[in-house]
Amino acid sequence: MEEYQKCIDACNKVIESNKYQLLPTGTPQSNFYNNVYLNGNSVESIFEFQFDNQKLNPFAPMFGLTGREFRAADWIAEGNLFGTDPLNSANVDIRGNGTSMLESNASISKYTNQRTSTTSYAHWFVYRFADVLLMKAEALTWLTPGNAANGTSAIELVNKIRLGRHALSYVADKTIENPDPTNTENVSLYVFEERAREFAFEGKRWYDILRFAKRNNYANEKILLNIVSASAQPQLKLI
39 MEEYQKCIDA CNKVIESNKY QLLPTGTPQS NFYNNVYLNG NSVESIFEFQ
89 FDNQKLNPFA PMFGLTGREF RAADWIAEGN LFGTDPLNSA NVDIRGNGTS
139 MLESNASISK YTNQRTSTTS YAHWFVYRFA DVLLMKAEAL TWLTPGNAAN
189 GTSAIELVNK IRLGRHALSY VADKTIENPD PTNTENVSLY VFEERAREFA
239 FEGKRWYDIL RFAKRNNYAN EKILLNIVSA SAQPQLKLI
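All you need for this note's numbering is the position in the sequence shown, starting with 1, plus 38.
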């Protein structure tokens, strides 16, 4: 059941507790990575599964530099999720190359955090403050479809994260602009796409996709079909 007001109320309790916050705008990428992922338990963290030298992260080898089972998709490693600036290599989304993954070998940096080639203390991130902000944005979008005030508030929450992460405005041959706040579908897509960048490889995307696809009697089921089509093995030719 899509209980948007209850979601907003729950998010507000977390926000108004003043226990959590985003790192300041202008935080260098290395500081962002070290605080949020390398060391963990940052001011942005709400709940993480803890690992240390007594209890190593058992998932790290799956994402690591050698023998990895999972790696970033080619289109992500090529810069199509976070974007690139061909005129200024220093102009980057701090969540991109070097934080979420390494473009050089597609390893997933959020979980490797390796002390040696086989050990890692990286935590598993369950809830971060950014998730609360984007959950509230999504709920505001659909609370009263077409409502300009709610749409504007949702966009502002997304942009708060984009500003803090130094998100690029041109990604994968597409200019990212604020949607019309009265166009619920476009605001919803704006939130949906930002969640992909913010929570890359954190285990949330499949649930985001299902929620996005099934809303309004599967109005966006095409996104599921496209994923299945893209991941399907080519049919073997009969000889």
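From the three backbone atoms N, C-alpha and C, an ideal C-beta is built for every residue, glycine too. A quick note: this is a predicted structure, and the numbers were derived from the prediction, not measured.
Let's see if you can read the secondary structure: which residues bound the beta strand (DSSP E) around Tyr165? The sequence position of residue 165 within the sequence shown is 127, counting from 1. Note, Tyr165: beta strand (DSSP E), Trp162 to Arg166.
Looking at C-beta atoms only, is the number of pairs between the region 59-76 and the region 162-173 that lie closer than 8 Å three or more? Yes, the region 59-76 is in contact with the region 162-173.
Taking 8 Å as the threshold, find out whether the region 194-204 comes into contact with the region 232-243 through three or more Cβ pairs. With the cut-off at 8 Å, the region 194-204 and the region 232-243 touch.
How many whole angstroms separate the CB atoms of Phe239 and Ser138, which I take to be in contact at a CB cut-off of 8 Å? Position 201 of the sequence shown holds residue 239. Position 100 of the sequence shown holds residue 138. Approximately 6 Å separates the beta-carbon atoms of Phe239 and Ser138; this is inside 8 Å, confirming the contact.
If you measure between the beta carbons of Ile53 and Leu178, is that distance less than 8 Å? To locate residue 53, count along the sequence shown from 1; it is residue 15. To locate residue 178, count along the sequence shown from 1; it is residue 140. For Ile53 and Leu178, no; Cβs fall outside 8 Å.
Measure the C-alpha to C-alpha separation of Ala111 and Ala144 and round it to an integer number of angstroms. Taking the first residue of the sequence shown as 1, we reach residue 111 at position 73. Taking the first residue of the sequence shown as 1, we reach residue 144 at position 106. Ala111 and Ala144: Cα-Cα distance of roughly 7 Å.
Residues near Asn135 in its chain [Cβ-Cβ closer than 6 Å; skip 5 each side]: Here residue 135 refers to the residue found at position 97 when the sequence shown is read from its first residue. Glu141.
Contact under 8 Å by Cβ, Ala186 with Pro219: On the sequence shown, residue 186 is found 148 positions in, with the first residue counted as 1. On the sequence shown, residue 219 is found 181 positions in, with the first residue counted as 1. Contact flag set, yes.
Member of Lys51, Thr222, Asp211 and Tyr256 whose CA lies at the smallest distance from the CA of Thr190: Here residue 190 corresponds to residue number 152 of the sequence shown, with the count starting at 1. Selected option, being the one with the closest Cα: Thr222.
Considering only the alpha carbon of each residue, which of Phe87, Gln67 and Asn72 lies closest to Val130? Here the question's residue 130 lines up with position 92 in the sequence shown. Closest by alpha carbon: Gln67.
Could you give the distance in angstroms between the alpha-carbon of Ile114 and the alpha-carbon of Tyr208? Numbered from its first residue, the sequence shown carries residue 114 at position 76. Numbered from its first residue, the sequence shown carries residue 208 at position 170. Cα-Cα distance, rounded: 15 Å.
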